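Notes follow the structure.
Residue numbers (the numbering used here), protein chains in the order written: chain C, 1 to 227; chain R, 228 to 454.
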């Protein structure tokens with residue numbers, strides 16, 4: 001435990017980050033690697049969800065994980081402990097998000113020649129990460145029940161951008177005032193094409209549905225898939 | 228309901244925002260107004276906590292609230308409904324934080340001549356708001372139990388900066404893996420002088436302690452107070 005590779009990312013110097021994102025997407029495609037950008041509030045359960053998903057997806061894909069954070073290696077250590085896949089920690093040097101050039105630095109350090117699927121756990125933040133294209137094959141976000149069903153009203157961009165929204169911690173629903181129908185309606189208000197799957201990373205509820213989503217989207221070649 | 232004043236903030240044009248923050252602090256002091264900058268993750272319970280606190284603090288102070296958000300007027304509507312005090316909604320125009328110049332615009336729209344205490348509910352974000360001095364008399368943050376006890380390790384700056392940390396949703400402790408002692412130790416690691424109060428905004432547990440904190444800090448003139 002505690003023995004993970006930590007990469008300190010350099011600030012990007014590119015003028016046109018959107019172009020860098022497109023270049024990265026092309027590079028990933030040429031390598032046959034599907035990159036998922038995972039965003040959420042702090043504490044929504046990104047790491048726990050990824051560990052549970054990866055352990056189910058390892059039968060189907062060769063997987064790597066990049067854990068981005070301002071500081072600490074808490075998440076990468078957890079992943080290294082509990083998921084049997086390659087993982088590294090990226091330090092953003094105080095930056096509140098990742099862009100495509102920073103993501104590329106991470107991928108080069110991770111090494112993707114022997115991988116099919118890479119998860120990038122972005123910095124826990126609903127605002128800034130939504131504004132930057134990381135070059136990922138797809139974007140997903142996790143909303144957790146204790147945060148409340150109104151989050152898509154307050155953070156519109158991230159819900160507009162994401163193809164997949166997991167509603168996590170549904171095992172805690174009895175203890176919170178959370179209206180699932182209203183939450184799904186709020187998400188659909190931002191992006192009517194998004195796929196919404198309520199899950200519990202803790203109990204495993206509905207994780208098989210997420211696994212099937214990834215199998216389908218990856219085998220169909222990416223973004224065109226809609227469940 | 229739904230009838231709240233919404234202010235669209237303009238982007239700040241000042242070169243030296245730290246100086247603007249100091250000017251604002253002096254202005255607030257001259258007006259006898261104590262401004263509290265409230266930060267947290269999305270969904271940690273800023274609005275619910277503020278409503279519960281304000282209803283208890285109104286016996287002691289004349290209070291105003293500024294609810295900052297990227298979009299929506301969800302929070303200001305809630306405050307207007309449930310707390311008997313002046314409140315306005317500030318839209319940041321996509322910005323992930325408030326600075327002192329934006330805060331001053333809000334205060335001018337709120338009107339502070341008849342107030343003693345103003346709460347600024349910052350954008351839900353643990354990263355960027357910590358980097359900007361709003362000119363507030365003090366900074367506080369709310370960490371909620373479902374987010375986990377490791378957050379001060381992952382978002383160091385906000386915990387370093389805050390004088391007061393409320394640990395909210397302690398009524399949900401039985402349903403989550405959350406070590407209170409470890410959480411307090413992680414907070415103290417960042418700022419050994421911060422005051423940490425576990426609360427439940429839902430049940431009201433320990434809110435009297437927070438009320439007493441504000442009475443003491445405001446009567447003692449601000450930042451020098453340590454509980």
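For glycine and all other residues, C-beta sits at the position ideal for the given N, C-alpha and C. All values reported here derive from a predicted model rather than from experimental measurement.
Q: Using a Cβ-Cβ cut-off of 8 angstroms, state whether residue 380(R) counts as contacting chain C.
A: For residue 380(R), a Cβ of chain C is located within less than 8 angstroms of the residue's own Cβ.
Q: Put residue 269(R) into one of helix, strand or coil per three-state DSSP.
A: DSSP places residue 269(R) in coil when its eight states are reduced to three.
Q: Assess, as a yes-or-no matter, whether the segment 279 to 299 of chain R is touched by the segment 375 to 383 of chain R under the definition of 3 or more beta carbon pairs within less than 8 angstroms.
A: no
Q | Own chain residues within Cβ distance below 6 angstroms of residue 35(C), not counting five before or after | A | 28, 118, 136 and 137.
Q | Where the alpha helix (DSSP H) through residue 314(R) begins and ends | A | Per DSSP, residue 314(R) is not a residue of any alpha helix (DSSP H); the beta strand (DSSP E) it occupies stretches across 313 to 318.
Q) Is it right to say residue 443(R) is buried, meaning 16 or more other beta carbons lie within 10 angstroms of its own, or is it exposed? A) exposed
Q: Determine the closest residue to residue 237(R) out of 245(R), 297(R), 320(R) and 295(R), with distance taken between C-alpha atoms.
A: 320(R)
Q) Which residues, in order along the segment 203 to 215 of chain C, keep a beta-carbon less than 7 angstroms from a beta-carbon of chain R? A) none
Q | Proximity below 8 angstroms, CB of residue 367(R) to CB of residue 265(R) | A | yes
Q | Alpha-carbon spacing of residue 160(C) relative to residue 143(C), whole angstroms | A | Rounded to whole angstroms, residue 160(C) to residue 143(C) spans 14 angstroms at the Cα level.
Q. Quick one: which chain B residues come within Cβ less than 7 angstroms of residue 93(C)?
A. Looking for chain B here will not work: the only protein chains present are C and R.
Q.
Using the three-state DSSP reduction, which class does residue 212(C) fall into: helix, strand or coil?
A. helix
Q. Cβ of residue 432(R) within 8 angstroms of Cβ of residue 390(R)?
A. no
Q) What does a CB cutoff of less than 7 angstroms around residue 425(R) pick up in its chain, not counting 5 residues either side in sequence? A) Counting only Cβ-Cβ distances below 7 angstroms, and skipping sequence neighbours, we find 394, 397, 407 and 433.
Q) Closest by CA to residue 49(C), which one among 24(C), 79(C), 127(C) and 126(C)? A) 79(C)
Q) Whose C-alpha, out of 18(C), 8(C) and 203(C), is nearest the C-alpha of residue 73(C)? A) The candidate whose alpha carbon is nearest that of residue 73(C) is 8(C).
**Q.** Reduced DSSP category for residue 292(R) - H, G, I as helix; E, B as strand; rest coil
**A.** strand
Q: Determine the extent of the beta strand (DSSP E) in which residue 173(R) is found, giving its start and end residues.
A: Residue 173(R) falls outside the range modelled here, since chain R spans only 228 to 454, and no answer is possible.
Q | Beta-carbon proximity check, residue 41(C) vs residue 421(R), cutoff 8 angstroms | A | no
Q. Where does the unbroken alpha helix (DSSP H) through residue 161(C) begin, and where does it stop?
A. In the DSSP annotation of this structure, the continuous segment of the alpha helix (DSSP H) that includes residue 161(C) starts and ends at 156 to 161.
Q: Output yes if chain R places a C-beta closer than 8 angstroms to the C-beta of residue 147(C); else output no.
A: Among the residues facing chain R, residue 147(C) is included, as its CB has a counterpart in that chain under 8 angstroms away.
Q: Might you give, ordered along the chain, the residues of its own chain that have their beta carbon closer than 8 angstroms to the beta carbon of residue 286(R), omitting 5 neighbours on each side?
A: none
Q | Three-state class that DSSP yields for residue 337(R) in the structure shown | A | helix
(Q) Tell me the rounded alpha-carbon separation between residue 157(C) and residue 239(R). (A) 22 angstroms
Q: Could you spell out the range, first to last residue, of the alpha helix (DSSP H) harbouring residue 20(C)?
A: 17 to 31
Q. What's the gap between the Cα of residue 213(C) and the Cα of residue 45(C)?
A. Spanning the two alpha carbons is a distance of roughly 19 angstroms.
Q | Which of helix, strand or coil DSSP assigns to residue 277(R) | A | Assignment of residue 277(R) by DSSP, reduced to helix, strand and coil, places it in the helix class.
(Q) Can you check which of these residues, 253(R), 354(R) and 416(R), is closest to residue 327(R) by C-alpha distance? (A) The shortest Cα separation from residue 327(R) among 253(R), 354(R) and 416(R) belongs to 253(R).
Q: Provide the residue span of the beta strand (DSSP E) that contains residue 366(R), from first to last.
A: 365 to 371
(Q) Taking its Cβ as the centre, do 16 or more other Cβ atoms sit within 10 Å of residue 177(C), making it buried, or is it exposed? (A) Per the 10 Å Cβ criterion, exposed.
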